[in-house]
Structure formats: C-alpha cells, structure tokens
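If you're matching them up, the sequences are chains A and B in order. Take our numbering: the final residue in the first sequence is number 608, and no numbers are missing along the way. Take our numbering: the final residue in the second sequence is number 608, and no numbers are missing along the way. By construction, the Cβ of each residue, glycine as well, lies at the ideal position given by its N, Cα and C atoms. Below: one structure, written as structure tokens.
Protein chains: 2
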Amino acid sequence: MSDETFEALLQRRGVLIERIVSHGHVTPHDHPYQQPHDEWVMLLSGAARLLVEGEPERSLAPGDHMLIPGGARHWVTFTAPDEPTRWLAVHLLGAAG
Amino acid sequence: MSDETFEALLQRRGVLIERIVSHGHVTPHDHPYQQPHDEWVMLLSGAARLLVEGEPERSLAPGDHMLIPGGARHWVTFTAPDEPTRWLAVHLLGAAG
C-alpha cells in the first residue's frame, strides 16, 4: 500500500489548507483523529466514509464536504482501495467551537 | 449559457469558503475582480485560465491552485465551454497582504 501523504498548500494566520492523498487507508479504531480546532473537509476524488463521534457515518463522493467540530474524535472508516482518494482539509485554527 | 453560480459552503470568522460553477464564463476586461483580502482558489473540475495583474496568465487543470493577493485585479480569461468548471475559493478575510 502506498503511504498516505499530507501536503500543506497554504498556511496563513488562523488557516491551514492541506491536501491528503489516501490509498485504502483507514483510521485505527483505537487511534482516532482529534484536534482542538474546527476542520472543514471536501472530497476531491475517490471515495471515502467518515465517522464523527455522535453523528451518523457519512459516505463521501467527490464534491461532498463536511465540518468536523473541534474536539470531536473522528475516523476515516473507508477509502477506495483501487484509486487515490484526495481530500482537501481547511483547518480553522482560530475558530474552534 | 447557464448562469454562473456562487454557493457559500462555510462561513466562519475570517474565512469564507465558496464553490463557483462556471459554464464558459469569462471576466469582462473592463470589469476585473478585485477584493481587499487574499483569496485562495483551487480548480475542482473543468478547465480555466486566470490572469492576475503583474503575473503571467495561468492555465488551471483540476487540482491546480493559486493565491490571488488582496488588492490585485484579476480576470478569468477562459472556462471550458462544453462542461461545468467548478472552483473552490477560500476567502482569507483577515489575512490581506
């Protein structure tokens, strides 16, 4: 499996935009993602499912987007095994809650 | 020609994320875009060319991205006539210059 890559596209005061490329990667159940700030994500290509604690699991197709609230544990539960899945993530560093 | 559409996807203090869908639209030469804040754009689908004053014209394919500095006049000089061109724009409202 190829590595999952994280590429910072823009860093400004209060905002970090990054592109993430996944190849079938999922988040281990006992190691969720969790960050103090709100994070907005859009799926650019491929396919994925995302689970945010306390919310229904979401299937994401290209163009779909959602907000991951600061502090919420979340897991990528699926990315396409046969094509790259590209995400755009906008970290709202000054806008938690 | 279909209308060009602007859809706000997220508004937070200091950040506005919007999706723009163009169908062959270009910016009239005598009516450039110009805003006081930095604006980061990524092409999501389709094809476009963007001219920022003082810089070489850029051709954009899906996944290409660039920063439009606050205050700079700019023009979309081409969008694909035969398919929708989708842009993601992140307006950095507190981060000009």
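Comparing the C-beta of residue i with each C-beta of chain A, is any distance below 9 Å?
i, result
"isoleucine 579 of chain B", "no"
"isoleucine 531 of chain B", "no"
"leucine 555 of chain B", "yes"
"proline 539 of chain B", "no"
"valine 526 of chain B", "yes"
"proline 567 of chain B", "no"
"proline 573 of chain B", "yes"
Given residue i, which residues of its chain have a CB within under 7 Å of its CB, disregarding the five upstream and five downstream residues?
i, result
"phenylalanine 517 of chain A", "Glu529, Ile531"
"arginine 569 of chain B", "Arg560, Leu561, Met577"
"glutamine 522 of chain A", "none"
"phenylalanine 589 of chain A", "Val537, Ala559, Arg560"
"alanine 572 of chain B", "Leu554, Ala558"
"leucine 527 of chain B", "Ala519, His602, Leu604"
Does residue i get closer than 9 Å to chain B when you measure Cβ to Cβ?
i, result
"tryptophan 598 of chain A", "no"
List, in chain order, every chain B residue whose beta-carbon is nearer than 7 Å to that of residue i.
i, result
"histidine 576 of chain A", "Leu520"
Provide the residue(s) that pair with residue i in DSSP beta bridges, ordered along the chain.
i, result
"serine 533 of chain B", "B/Thr596"
"glutamate 550 of chain A", "A/Ile579, A/His602"
"leucine 571 of chain A", "A/Ala559"
"glutamine 545 of chain A", "According to DSSP, which records beta bridges pairwise, glutamine 545 of chain A is partnered with nothing at all."
"threonine 516 of chain B", "B/Val532"
"threonine 590 of chain B", "B/Ala559"
"arginine 523 of chain A", "A/Val526"
"histidine 585 of chain A", "A/Tyr544, A/Val563"
Counting only the same chain and skipping the five closest in sequence on each side, list residues whose C-beta sits under 6 Å from that of residue i.
i, result
"tryptophan 551 of chain A", "Leu578, Val601"
"arginine 584 of chain B", "Pro543, Gln545, Glu564"
"phenylalanine 513 of chain B", "Residue 513 of chain B is actually serine in this sequence, not phenylalanine. Result list for serine 513 of chain B: His534, in chain order."
List the residues of chain A whose Cβ lies closer than 8 Å to the Cβ of residue i, in chain order.
i, result
"glycine 563 of chain B", "Strictly speaking, residue 563 of chain B in this sequence is valine, with glycine absent from that position. Those do not exist, as valine 563 of chain B stays about 16 Å from chain A at its closest Cβ, beyond 8 Å."
Quick one: what's got a C-beta closer than 8 Å to residue i's C-beta in the same chain, skipping five residues either side?
i, result
"histidine 540 of chain B", "Trp586"
"proline 592 of chain B", "His534, Gly535"
Residue i CB to nearest chain E CB: under 9 Å?
i, result
"histidine 540 of chain A", "Any reference to chain E falls outside this structure, whose protein chains are A and B."
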